[in-house]
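There are 2 protein chains.
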Amino acid sequence: MRKGEETRTRILDVAEAAVLQKGFGGTSIEELIAETGITKSGFFYHFRDKNELAKALLNRYIENDERIYDEIFSRARDLTDDPLQSFLLGLKLLSELLSDLPNGHPGCLVAGICYYERLFDREIQETNRNAVLAWRRRFGRMLRDIVAVYPLREPVDVDQLADMVSSVLEGGIVLSKTLKEPNTLAEQVLMLRTFVKMLFLPVAAMPRG
Amino acid sequence: MRKGEETRTRILDVAEAAVLQKGFGGTSIEELIAETGITKSGFFYHFRDKNELAKALLNRYIENDERIYDEIFSRARDLTDDPLQSFLLGLKLLSELLSDLPNGHPGCLVAGICYYERLFDREIQETNRNAVLAWRRRFGRMLRDIVAVYPLREPVDVDQLADMVSSVLEGGIVLSKTLKEPNTLAEQVLMLRTFVKMLFLPVAAMPRG
DNA sequence: CCCCTCCTGTACCGCCGGTACAGTTTTCAG
DNA sequence: CTGAAAACTGTACCGGCGGTACAGGAGGGG
Chain D
1 MRKGEETRTR
11 ILDVAEAAVL
21 QKGFGGTSIE
31 ELIAETGITK
41 SGFFYHFRDK
51 NELAKALLNR
61 YIENDERIYD
71 EIFSRARDLT
81 DDPLQSFLLG
91 LKLLSELLSD
101 LPNGHPGCLV
111 AGICYYERLF
121 DREIQETNRN
131 AVLAWRRRFG
141 RMLRDIVAVY
151 PLREPVDVDQ
161 LADMVSSVLE
171 GGIVLSKTLK
181 EPNTLAEQVL
191 MLRTFVKMLF
201 LPVAAMPRG
Chain S
1 MRKGEETRTR
11 ILDVAEAAVL
21 QKGFGGTSIE
31 ELIAETGITK
41 SGFFYHFRDK
51 NELAKALLNR
61 YIENDERIYD
71 EIFSRARDLT
81 DDPLQSFLLG
91 LKLLSELLSD
101 LPNGHPGCLV
111 AGICYYERLF
121 DREIQETNRN
131 AVLAWRRRFG
141 RMLRDIVAVY
151 PLREPVDVDQ
161 LADMVSSVLE
171 GGIVLSKTLK
181 EPNTLAEQVL
191 MLRTFVKMLF
201 LPVAAMPRG
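Below, the structure written as structure tokens:
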């Protein structure tokens, strides 16, 4: 019972790394069992088929993702009561966390799966959709707290702004991976931070050019 | 000679649609030849292997992509001499083009390939990298034209800002695809437009909240 | 008429996802 | 300590797929 969970976790660990490097279609079950040191029968004892592996992988990834955001933004809230400052601080902490990743961000499973949509069943696509909607709610909540205190200097939709956080993260990951420049992702997050700052704070006085 | 090119193009058309829906690993050569109405031998006459298909597909995609940006932003430049206004107009035109896509954006091959990196050889990864660098140069050039005329209201790196265009596009595609909300991508482009506008234009006077 | 391009047909290989199922070891609750 | 359930292993097999090899044919241009 306990051992089963451990093996399952090991399979998921190996699979996650492989999938983020090669995609689902490029990851064979045979290589997973070779690296895990398990037999094929053992694999199919834990997962009925590849689709169920994907399901488990995605759910675990999303949970972990949510946990990380919870930690970062709750740390930020601990450090200041102001909703804008804590959001900006959260983005700063996030960018630091991202730039500390030794080999750059390994890739986002949600994005990976959306580029394979037809390979998976509706349940997985629905899970994926809900993950993105959860991001929208999360950042939307924080932004609404800000809007309640600070005036918006341009008329923007709060949900769309919340989506922009996800956009920049997902897009930054793509750029970082493609360019093989780990820093790009962190820089993009800071750029987004500048946008949020400008949207809510008066601009520093500047000489007219 | 002529006929060969036509068949090749037909294969690439079918392949592109399939790859954007299912990813490379999820697209079989057999299904491509079935839909193209060609035999396996015929396929391998045109492409030595799947990797070469990917190469041709990516090159064609990038060329087309460049052409579209050329058209949009040259149209924008035709309509106004001001570099900022023409950039903002270009983003507007881009968002309109994106929201006019009947089934939403089909997906970006560059992003698709970056999520499969290990499956392809270095040449493809280099091509992909160069495509992203070309985006950086393209948008960077336009932004530098703006900076030459308008003061930047926040200290941001121009190349990082140029990358933000790519980030928001790539991220917006991921969100749009995952959420199955075609509009999200266009909205994200407009949100980016707002950011650029704020960076260069004085904010409209607002009552202090 | 002949050659070259552009294919078709056939046969084959090895890998992979998946199935089936019988048998064995490990674990833990009672 | 024991027995049943959990957690596997081993073996054999299937069909699809990527890829190879190679022979041959249609059709157009010089």
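In order, the protein sequence lines correspond to chains D and S.
Here full-length UniProt numbering is used: position 161 in the first sequence is 161, and no number is missing along the way.
Here full-length UniProt numbering is used: position 34 in the second sequence is 34, and no number is missing along the way.
The beta-carbon is built from N, C-alpha and C at its ideal position, and this holds for glycine as well.
Open item on the list: Taking CB distances under 7 Å as the criterion, tell me whether E6(S) reaches chain D.
Closed with: The count along the second sequence starts at 1 and reaches residue 6(S) at position 6. Under the 7 Å criterion on CB atoms, E6(S) is classed as non-interfacial with respect to chain D.
- [ ] Flag this pair as touching only if the segment 6–22 of chain S and the segment 53–72 of chain S have three or more C-beta atom pairs under 8 Å; answer yes or no.
- [x] Contact holds: three or more Cβ-Cβ distances are below 8 Å.
TODO: Assign P102(D) to one of two classes, buried (16 or more other C-beta atoms within 10 Å of its C-beta) or exposed (fewer than that).
DONE: For the purposes of this step, residue 102(D) is identified with residue 102 of the first sequence, where counting begins at 1. Exposed is the call here.
- [ ] Decide if the segment 123–130 of chain S is in contact with the segment 164–171 of chain D; the criterion is three or more beta carbon pairs, one per stretch, under 8 Å apart.
- [x] A contact between stretches requires three or more CB pairs, one per stretch, nearer than 8 Å, and the segment 123–130 of chain S fails this requirement with the segment 164–171 of chain D.
Task: Three CB pairs or more closer than 8 Å across the segment 128–146 of chain S and the segment 78–86 of chain S - done: Counting Cβ pairs under 8 Å, three or more are found: they touch.
- [ ] Within 10 angstroms of the Cβ of A131(D), are there 16 or more other Cβ atoms? Answer buried if so, exposed if not.
- [x] On the first sequence, residue 131(D) is found 131 positions in, with the first residue counted as 1. Its Cβ being crowded by 16 or more others within 10 Å, A131(D) is buried.
TODO: Could you tell me whether any Cβ in chain D is nearer than 7 Å to the Cβ of E126(S)?
DONE: On the second sequence, residue 126(S) is found 126 positions in, with the first residue counted as 1. No, its Cβ sits nowhere closer than 7 Å to a Cβ of chain D.
Task: For P202(S) and G209(D), the rounded distance between their alpha carbons - done: Your numbering for residue 209(D) matches position 209 in the first sequence. Your numbering for residue 202(S) matches position 202 in the second sequence. For G209(D), the predicted model reports a pLDDT of 40, less than 50, meaning its position is unreliable and no value from the coordinates is stated.
Open item on the list: What are the residues in the segment 169–184 of chain S lying within 8 Å of chain D by C-beta distance?
Closed with: Listed in sequence order: L169, E170, G171, G172, V174, L175, K177, T178, L179, K180 and T184.
TODO: Kindly say whether Q188(S), judged by its beta-carbon, lies nearer than 7 Å to any beta-carbon of chain D.
DONE: Here residue 188(S) refers to the residue found at position 188 of the second sequence. Answer yes: the Cβ-Cβ gap between Q188(S) and chain D drops below 7 Å somewhere.
Open item on the list: Could you tell me the alpha carbon to alpha carbon distance between L169(S) and K180(D), rounded to whole angstroms?
Closed with: Here residue 169(S) is taken as the residue at index 169 of the second sequence, counted from 1. Here residue 180(D) is taken as the residue at index 180 of the first sequence, counted from 1. When rounded, the distance between both Cα atoms is 19 Å.
Open item on the list: Starting from I173(D), trace the alpha helix (DSSP H) in both directions and tell me its first and last residue.
Closed with: For this step, residue 173(D) is matched to residue 173 along the first sequence. Per DSSP, the unbroken alpha helix (DSSP H) holding I173(D) starts and ends at V158 to L179.
TODO: Thinking T39(D) and I33(D) are a contact (beta carbons under 8 Å), I'd like their distance in whole angstroms, please.
DONE: Stepping through the first sequence from its first residue, residue 39(D) is reached at position 39. Stepping through the first sequence from its first residue, residue 33(D) is reached at position 33. 6 Å between Cβ atoms; contact.
Open item on the list: Please confirm whether V19(S) has its beta-carbon closer than 7 Å to some beta-carbon of chain D.
Closed with: Looking up residue 19(S) in the second sequence gives position 19. V19(S) has a beta carbon lying at 7 Å or more from every beta carbon in chain D.
Task: Cβ shell of V158(S) (< 8 Å), same chain only, five flanking positions each side left out - done: Position 158 of the second sequence, counted from the start, is the residue given in the question as residue 158(S). Within the same chain, V158(S) has close Cβ partners G140, L143, R144 and V147.
Task: Residues that V132(D) contacts on chain S, provided the C-beta gap is smaller than 8 Å - done: The residue you call residue 132(D) lines up with position 132 of the first sequence. Those are L175, T178 and L179, listed as they occur along chain S.
TODO: Taking a Cβ distance cut-off of 9 Å, strictly less, list which residues of the segment 89–106 of chain S are near chain D, in chain order.
DONE: Result list empty, no residue passes.
- [ ] Look at Y116(D) and G23(S) and say whether their C-beta atoms are less than 7 Å apart.
- [x] For the purposes of this step, residue 116(D) is identified with residue 116 of the first sequence, where counting begins at 1. For the purposes of this step, residue 23(S) is identified with residue 23 of the second sequence, where counting begins at 1. In this structure, G23(S) lies closer than 7 Å to Y116(D) by Cβ.
TODO: Confirm, please, whether the CB-CB distance from E187(S) to Q160(D) is below 7 Å.
DONE: The residue given as residue 160(D) occupies position 160 in the first sequence. The residue given as residue 187(S) occupies position 187 in the second sequence. Between Q160(D) and E187(S), the CB-CB gap stays under 7 Å.
Open item on the list: Which residues in chain D have a C-beta closer than 9 Å to the C-beta of D82(S)? List them in chain order.
Closed with: Along the second sequence, read from residue 1 onward, the residue named residue 82(S) stands at position 82. Counting only Cβ-Cβ distances below 9 Å, D82(S) has no contacts in chain D at all, with the closest Cβ about 14 Å away.
TODO: Would you mind sorting E71(D) into buried or exposed? The rule is 16 or more other CB atoms within 10 Å of its CB.
DONE: What you label residue 71(D) is simply residue 71 of the first sequence in a count that begins at 1. Flag for E71(D) reads exposed.
- [ ] Please confirm if Y115(D) has its CB atom under 7 Å from at least one CB of chain S.
- [x] Position 115 of the first sequence, counted from the start, is the residue given in the question as residue 115(D). True, the Cβ-Cβ gap to chain S drops below 7 Å.
TODO: Can you give me the Cβ contacts of R2(S) inside the same chain, cut-off strictly under 7 Å, excluding the 5 residues immediately before and after it?
DONE: Counting from one through the second sequence, the residue named residue 2(S) turns up at place 2. Hits under 7 Å: none found.
Open item on the list: Buried or exposed for residue 211(D), going by 16 or more other Cβ atoms inside 10 Å?
Closed with: As shown, chain D starts at 1 and ends at 209. That puts residue 211(D) outside it, with no answer to give.
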